[in-house]
Structures are given as C-alpha cells and as structure tokens.
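**Student:** I'd like to ask you about the structure that follows.
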Amino acid sequence: MGKLDGKNVVITGAAGGMGQTASRMFCAEGASVLGADLDNAAGTSLEVALKGEGLDFRFAEVDVTSAASVHELAETAKAHFGAVDVLYNNAGIIMGKPILDTTEEEWAFVERINSKSIFLTTKAFVPLMAGRKGSIINVSSIGGIVAFENMGAYGAAKAAAAHFSRVAAVEFAPDIRVNAICPGVVDTPMPRNFTKEMANRDEIFEAWNHEHLTGRLGRPEEVVSLALWLASDDAGFMTGAVINIDGGYSTR
Ligand SMILES: NC(=O)c1ccc[n+]([C@@H]2O[C@H](COP(=O)([O-])OP(=O)(O)OC[C@H]3O[C@@H](n4cnc5c(N)ncnc54)[C@H](O)[C@@H]3O)[C@@H](O)[C@H]2O)c1
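Using my numbering, you'd call the opening residue of the sequence shown number 460 and step up by one each time.
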C-alpha cells in the first residue's frame, strides 16, 4: 500500500529539480499526478519517462502567473480527475540583486511567480478539493526567513507565500490543511543556474555547505519526503505550519 493511494495530486514546477523528484516520488506512493510547468519540453519528456516506468503521471503546460492559464489547468484537472486531493505549489524562480538595483518590473516578476501564483492556484483549485480532506503544500524558502543580502524581492515573495499559507489554513479549516515548507539550499538546477556566471562559484558552494549544520546542501528527495508526508493522511493534525527544512541553516 502506498501512502498516497487514491489521491489526485497537482504539482506545479513539475519539470524542475524538486518538481521532477516530487512527481516520481508521489506517483511511486500511489498518487495520480498532474504535473504542470512553463517548460513544455522538459514536462513532456518527464511524462514519457514516468509513463515508461508504469507511473500514473500526466503533464500540462501552465504559466502560474496567469489567472487564465491556471484556470485552464484547473479545468484539465477537473476533466482528468473530477476532484483534487493535493495541491503542491512548487513553481518558483530566484533572483539576487541589491534592493537599490532592483527594478519595479523585476520585483513584480519575482513576486508574481513565487507568491501571487499561489493565490491564483488556491482560488482555482480549492473548489475542486471540497469535501476531500485535502492538503495544500506551498514552497517558501529560508530566503523568506533569513535576511540574505541581495534577496529583497525573492525573500519578500517567499515570506508572503509562507504567511498566505497560514491565512489559507484558517480559511479552509477543517476541510483542507495548508502548510508551507522552507528549504535551505537544495542541489537542483536553481542554485547551479543562479551561480553560473559567478567567478567564485566553487567557493560559494563550499561556503553554503558549511553554513548548513549538515555540512552539505539538501537533496531534492529530502525536501520532497516532507511534502509527501504533508500530503498524506499521516499528517492529518498538521496545518497552518511553516516548516524549515534547511539542514539547520536558520538555526545557525
Ligand atoms: N533549490 C533550492 O535551493 C531552493 C531553496 C529554497 C526554496 N526553493 C524553492 O523550491 C521550488 C522548486 O525549486 P527547484 O530548486 O526545483 O527549482 P528549479 O528551477 O529546478 O524548478 C523550478 C520550476 O518552476 C518552473 N516555473 C518557473 N516559472 C514558472 C511559471 N511562471 N509557471 C510555471 N512553472 C514555472 C520552472 O520551469 C522550473 O521547472 C521553488 O519554489 C524554489 O523557489 C528552492
């Protein structure tokens, strides 16, 4: 028996580092997964790969910053599943810039993807979760807790995502549980692309390793394990929480 047997799950950012891991791990625990991402090519390859492994995964293209696109995704989920049990808001982007160099457009772009998107998906999917004892998992970041230099836009958007999760937990109780997770640095394409142009990239990774009490970065499956638990009925008493999964980074 899988921990997510019979559950219909929607995962955004499904074609990215943690999204691909989540898609595979959730399916392996018995879920039917609709994975959505802006990256159609990567999402389509993921669908081919997971179906080839005998997993119940389907991909749909979405732009989580667009209400129309999110509405279309909800219609696809409705047609495919009928009802939804789990919404895993994982899509995100990072941007590092000093506050005074950040343009209004950049601020809005980072906010739209990391924060407003969660408002849009919540509005679109909660009606499909009625009466299902559902679970929403929103991906925030330690960047929304620790005041990192150059992370004004990203940190503010991730902090907003965490607080929105608390309010949603209150508004949708007792039907739907809502929690936020705040990963430390996790070894996915995100930190690798973010540091691609930096001359001291190796030193940055070395410093990150030491700044986590674990002496290393997180692995995607470690973060996804927490999300999987939050999605499962084992976490039935867990709602309104903002959970750090950061190798002790924020403790230091
Ligand atoms: N990797 C880390 O160190 C880290 C740390 C803390 C939090 N996070 C958060 O975890 C989540 C997953 O990150 P990851 O490391 O797997 O990153 P990633 O870059 O590998 O994946 C992010 C995915 O989101 C998708 N995406 C971006 N904009 C989108 C849009 N408008 N519509 C739909 N999809 C869109 C991208 O195409 C990509 O597939 C993000 O929310 C990120 O902010 C990551």
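All residues carry an ideal CB built from backbone N, CA and C; glycine is no exception.
#1: Below 8 Å, how does it come out for the stretch 577-597 and the stretch 617-626: are there three or more Cβ pairs, yes or no?
#2: Count Cβ pairs between the stretch 676-687 and the stretch 582-591 that sit closer than 8 Å; are there 3 or more?
#3: Go through the stretch 537-623 residue by residue and report every complete run of the beta strand (DSSP E) that reaches 3 residues or more, in order.
#4: Distance check for serine 709 and phenylalanine 485, CA to CA, integer angstroms please.
#5: Between which two residues does the beta strand (DSSP E) holding isoleucine 635 run?
#6: Report the three-state DSSP secondary structure of asparagine 499 (helix, strand or coil).
#7: Heavy atom of ligand 1 less than 7 Å from the Cβ of isoleucine 572, yes or no?
#8: State the Cα-Cα distance for the pair serine 600 and valine 507, rounded to the nearest angstrom.
#9: Where does phenylalanine 516 fall in DSSP's three states?
#10: Under the criterion of a Cβ to heavy atom distance below 7 Å, does leucine 497 qualify as lining ligand 1?
#11: Following a CB-centred definition, is methionine 477 positioned closer than 7 Å to any heavy atom of ligand 1?
#12: Looking at ligand 1, does it come within less than 7 Å of threonine 580, judged from the CB to the closest heavy atom?
#13: Under 8 Å Cβ to Cβ from aspartate 515, same chain only, skipping five residues before and after it: list those, please.
#14: Is the CB-CB distance between glycine 707 and leucine 685 below 8 Å?
#15: My guess is that alanine 550 and threonine 471 are in contact by the Cβ rule of under 8 Å, so how many angstroms apart are they, rounded?
#16: Going by beta-carbon coordinates alone, are tyrosine 547 and valine 637 separated by less than 8 Å?
#17: Assuming contact is defined by CB atoms lying nearer than 8 Å, are alanine 616 and asparagine 573 in contact in what I supplied?
#18: With hydrogens ignored, establish whether the beta-carbon of proline 586 is closer than 7 Å to any heavy atom of ligand 1.
#19: Roughly how many angstroms lie between the CA atoms of arginine 625 and isoleucine 604, to the nearest whole one?
#20: Quick test of your reading: methionine 588 and aspartate 544, contact by CB under 8 Å. State the CB separation rounded to the nearest angstrom.
#21: Measure from the alpha carbon of asparagine 597 to the alpha carbon of each residue in Thr524, Lys466, Leu689, Phe696, then state which is nearest.
**Tutor:** Well, looking at it:
#1: Yes, since at least three Cβ pairs between the stretch 577-597 and the stretch 617-626 fall closer than 8 Å, the two stretches touch.
#2: With the rule of 3 Cβ pairs closer than 8 Å, the stretch 676-687 does not count as touching the stretch 582-591.
#3: Counting whole runs of 3 or more residues, the stretch 537-623 contains the beta strand (DSSP E) stretches 545-548, 594-598.
#4: So the alpha carbons of these two residues sit roughly 28 Å apart.
#5: For isoleucine 635, no beta strand (DSSP E) run applies, since DSSP gives it neither H nor E.
#6: Helix, per DSSP.
#7: Proximity of the beta carbon of isoleucine 572 to ligand 1 is indicated: a heavy atom of the ligand is located closer than 7 Å.
#8: Going by the C-alpha atoms only, they are around 30 Å apart.
#9: In the structure shown, phenylalanine 516 adopts extended strand secondary structure according to DSSP, grouped into three states.
#10: Yes; taking the cut-off as 7 Å, the Cβ of leucine 497 has a heavy atom of ligand 1 nearer than that.
#11: Because some heavy atom of ligand 1 lies under 7 Å away, the Cβ of methionine 477 counts as near it: yes.
#12: Checking the Cβ of threonine 580 against ligand 1 gives no.
#13: The residues are Cys486, Ala490, Ser491, Val492.
#14: It is not a contact, given that the beta carbons lie outside the stated cut-off.
#15: Confirmed, about 4 Å.
#16: Cβ distance not < 8 Å, so tyrosine 547 and valine 637 don't count as in contact.
#17: Closer than 8 Å, so yes.
#18: No, Cβ of proline 586 sits at least 7 Å from all heavy atoms of ligand 1.
#19: Straight-line measurement puts the Cα of isoleucine 604 at about 15 Å from the Cα of arginine 625.
#20: About 7 Å; that satisfies the 8 Å criterion.
#21: Ranking Thr524, Lys466, Leu689, Phe696 by Cα distance to asparagine 597 puts Leu689 first.
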